[in-house]
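There are 2 protein chains.
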Amino acid sequence: MQIAVLLYDRFTTLDAVGPYELLARLPGAETVFVAKEAGPVRNDQGSLALVADRPLTEVTGPDIVLVPGGPGSRQAMRDETVLDWLRTADATSTWTTSVCTGSLVLAGAGLLTGRRATTHWLSLEDLEAFGAEPTGERVVFDGKYVTAAGVSSGIDMALHLLGRIGGDTVARRLQLLVEYDPRPPYDAGSPEKAPAEAVAYWRGHQDRAPAARG
Amino acid sequence: MQIAVLLYDRFTTLDAVGPYELLARLPGAETVFVAKEAGPVRNDQGSLALVADRPLTEVTGPDIVLVPGGPGSRQAMRDETVLDWLRTADATSTWTTSVCTGSLVLAGAGLLTGRRATTHWLSLEDLEAFGAEPTGERVVFDGKYVTAAGVSSGIDMALHLLGRIGGDTVARRLQLLVEYDPRPPYDAGSPEKAPAEAVAYWRGHQDRAPAARG
Chain A
1 MQIAVLLYDR FTTLDAVGPY ELLARLPGAE TVFVAKEAGP VRNDQGSLAL VADRPLTEVT
61 GPDIVLVPGG PGSRQAMRDE TVLDWLRTAD ATSTWTTSVC TGSLVLAGAG LLTGRRATTH
121 WLSLEDLEAF GAEPTGERVV FDGKYVTAAG VSSGIDMALH LLGRIGGDTV ARRLQLLVEY
181 DPRPPYDAGS PEKAPAEAVA YWRGHQDRAP AARG
Chain B
1 MQIAVLLYDR FTTLDAVGPY ELLARLPGAE TVFVAKEAGP VRNDQGSLAL VADRPLTEVT
61 GPDIVLVPGG PGSRQAMRDE TVLDWLRTAD ATSTWTTSVC TGSLVLAGAG LLTGRRATTH
121 WLSLEDLEAF GAEPTGERVV FDGKYVTAAG VSSGIDMALH LLGRIGGDTV ARRLQLLVEY
181 DPRPPYDAGS PEKAPAEAVA YWRGHQDRAP AARG
């Protein structure tokens with residue numbers, strides 16, 4: 001089973017690494033980070049680059065496709081090389097997945113038209129504008145298309161996928177391995193739970209968010 | 001405020017990226033990934049490299065030091081170049097932190113002797129052997145030394161640190177930004193909660209764990 005993680009300039013790191021850390025540990029999985037060109041790809045914050053080991057042209061039939069979000073998704077979703085690769089990979093994939101605004105890239109490739117999907121809470125309206133049917137859920141399955149909400153939600157998505165692919169025993173083992181027993185000291189992880197101040201802050205500073213349109 | 005994230009061969013990716021994703025978004029923070037030599041550093045799974053932008057010699061006075069864990073921690077904790085750097089950085093740091101078996105590297109540098117600390121659940125005895133006083137808590141503060149349990153716990157550690165450094169308002173904003181509203185579909189994230197099968201599995205396969213002694 002091959003897992004391909006797509007990188008593009010200004011992706012959000014945890015979107016990719018959260019689910020990668022779990023999915024890549026599935027027994028029998030081979031994971032490869034891909035980009036238009038092999039080599040370092042710089043993230044949204046500018047302070048970290050991840051290495052894409054192979055170019056898109058060399059990885060055309062992955063079983064699982066994972067698309068992270070980030071401000072760069074706005075360019076990626078209009079990049080015909082990326083979109084053509086996604087359509088090709090999706091034609092034979094078992095699961096086509098995204099985290100955060102990665103779903104906008106899938107939508108840009110036409111893969112989410114009429115499907116239930118999600119994205120970062122700041123981008124739900126954009127997802128609808130590109131033809132999907134956004135929901136407020138943290139992880140959304142619609143057939144083989146699996147989309148997660150903002151950034152850290154990819155970890156929950158990965159656990160759901162581990163259960164579907166490897167079964168509950170494998171999923172629980174890997175949850176234990178990465179000690180995913182979350183205990184956030186605040187309860188502000190969604191727009192429904194966060195103080196109004198925090199919601200308003202990001203609506204006023206979307207340029208600084210992974211969901212940025214820039 | 002400068003944050004230095006240490007990379008070494010066979011580190012566990014989420015250990016570094018989980019807290020990075022939050023801490024690096026602190027207003028005024030500058031984050032730099034460092035290693036003995038600048039360039040790509042390969043992770044524990046072998047399928048991903050992160051780029052260290054600067055060598056240790058160029059980053060000697062960070063305000064926050066973050067040391068991830070991973071099987072490679074067993075080499076790093078005996079690498080005098082790494083340990084000398086840690087002692088130097090710690091001499092002027094505001095916070096010296098680790099995730100998972102990163103605490104073994106701090107202990108190797110003599111920084112946790114007699115201090116309350118934690119690590120991956122599979123390595124608590126090793127941490128004690130190296131002079132620290134391990135606890136079963138997910139995030140442990142002992143003065144400026146902050147250690148987190150396995151892999152994903154670094155995200156919780158970062159939220160605690162955000163609160164101490166930037167205040168509750170900033171911490172809640174960033175929790176909302178990354179939508180950290182965890183909803184794991186299983187409740188197997190600690191040895192107390194996981195099925196006995198899962199605990200036994202990893203005790204029998206420590207070579208495959210981030211806490212591996214190899």
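Protein sequence lines, in the order shown, are assigned to chains A and B.
Per full-length UniProt numbering, the first sequence starts with residue 1, numbered consecutively.
Per full-length UniProt numbering, the second sequence starts with residue 1, numbered consecutively.
We put the beta carbon where it would ideally sit given N, CA and C, even for glycine.
DSSP beta-bridge partners of residue 40 (chain A): A:51
Continuous alpha helix (DSSP H) assignments of at least 4 residues falling wholly in the stretch 160 to 211 of chain B: 168 to 177 and 196 to 204
Whether residue 122 (chain A) touches residue 66 (chain A) by CB criterion (8 Å): At the C-beta level, residue 122 (chain A) and residue 66 (chain A) stay beyond 8 Å of one another.
Exposure of residue 136 (chain B), with buried meaning 16 or more beta-carbon neighbours within 10 Å: exposed
Cutoff 6 Å; reference residue 116 (chain A); Cβ partners in own chain excluding five residues on either side: By the criterion of a C-beta distance shorter than 6 Å, residue 116 (chain A) is surrounded in its chain by 133, 135, 140 and 142, once the five residues flanking it on both sides are discounted.
Buried or exposed by the 16-neighbour rule on C-beta atoms within 10 Å, applied to residue 120 (chain B): buried
Boundaries (first-last residue) of the alpha helix (DSSP H) holding residue 84 (chain A): 80 to 92
Cross-strand partners of residue 8 (chain B) (DSSP beta bridge): Residue 8 (chain B) is not bridged to any residue.
Residue 19 (chain B) - DSSP class collapsed to helix/strand/coil: helix
8 Å contact criterion, which residue 82 (chain A) and residue 91 (chain A) should meet: CB distance rounded: Not a contact, Cβ separation roughly 15 Å.
Test: residue 199 (chain A) CB closer than 8 Å to a CB of chain B: Flagged as an interface residue toward chain B: residue 199 (chain A), by a C-beta distance shorter than 8 Å.
Residue 111 (chain A) beta carbon less than 8 Å from that of residue 85 (chain A): no
Of the residues A:40, A:46 and A:13, the one placed nearest residue 102 (chain A), counting alpha carbons only: Measuring from the Cα of residue 102 (chain A), the nearest candidate turns out to be A:13.
Coarse secondary structure for residue 148 (chain B), derived from DSSP in three states: strand
Residues of the stretch 23 to 42 of chain A whose Cβ lies closer than 7 Å to any Cβ of chain B, in chain order: 24, 31, 32, 33 and 40
CB contact below 8 Å: residue 17 (chain A) versus chain B: yes
Segment contact, 8 Å Cβ cut-off, at least three pairs: the stretch 166 to 186 of chain A with the stretch 31 to 43 of chain A: Too few Cβ pairs lie closer than 8 Å, so no.
Supposed contact pair residue 38 (chain A) and residue 54 (chain A) - C-beta distance, whole angstroms, cut 8 Å: 6 Å
Straight-line gap, residue 151 (chain B) to residue 209 (chain B) (C-alpha atoms, nearest Å): Taken atom to atom, the span from the alpha-carbon of residue 151 (chain B) to that of residue 209 (chain B) is near 10 Å.
Cβ-heavy atom distance, residue 33 (chain B) to the ligand SAM, below 7 Å: This structure lacks the ligand SAM, and indeed carries no ligand of any kind.
Collapsed DSSP secondary structure at residue 25 (chain A) in the structure displayed: coil
Buried or exposed by the 16-neighbour rule on C-beta atoms within 10 Å, applied to residue 191 (chain A): buried
Bridge partners - residue 134 (chain B), DSSP secondary structure assignment: B:117
Euclidean distance between Cα positions of residue 155 (chain A) and residue 195 (chain B): 20 Å
Identity of the residue in A:3, A:88 and A:22 nearest residue 163 (chain A) by Cα: Checking every option, the nearest Cα to that of residue 163 (chain A) belongs to A:22.
Residue-chain proximity (residue 110 (chain B), chain A), Cβ-Cβ < 8 Å: Not an interface residue.
Start and end residues, beta strand (DSSP E) containing residue 66 (chain B): Where residue 66 (chain B) is concerned, the enclosing beta strand (DSSP E) starts and stops at 64 to 67.
Test item: CB-CB of residue 113 (chain B) and residue 64 (chain B) under 8 Å: no
DSSP three-state assignment for residue 59 (chain A), whether helix, strand or coil: Reduced to three states, the DSSP call for residue 59 (chain A) is coil.
Cβ-Cβ separation, residue 9 (chain A) to residue 72 (chain A) (assumed contact under 8 Å), whole Å: 5 Å
According to DSSP, residues forming a beta bridge with residue 32 (chain A): A:4
Counted within 10 angstroms of its Cβ, other Cβ atoms place residue 149 (chain B) as buried (16 or more) or exposed: buried
Buried or exposed by the 16-neighbour rule on C-beta atoms within 10 Å, applied to residue 205 (chain A): It is exposed - the Cβ of residue 205 (chain A) has fewer than 16 other Cβ atoms within 10 Å.
Residue 98 (chain A) - containing beta strand (DSSP E), residue span: Under the DSSP assignment, residue 98 (chain A) falls in the beta strand (DSSP E) whose first and last residues are 95 to 99.
Span of the alpha helix (DSSP H) around residue 106 (chain B): Run containing residue 106 (chain B): 102 to 108, per the alpha helix (DSSP H) assignment.
Cα-Cα separation, residue 11 (chain A) to residue 180 (chain A): Between the alpha carbons of residue 11 (chain A) and residue 180 (chain A) lies a gap of roughly 24 Å.
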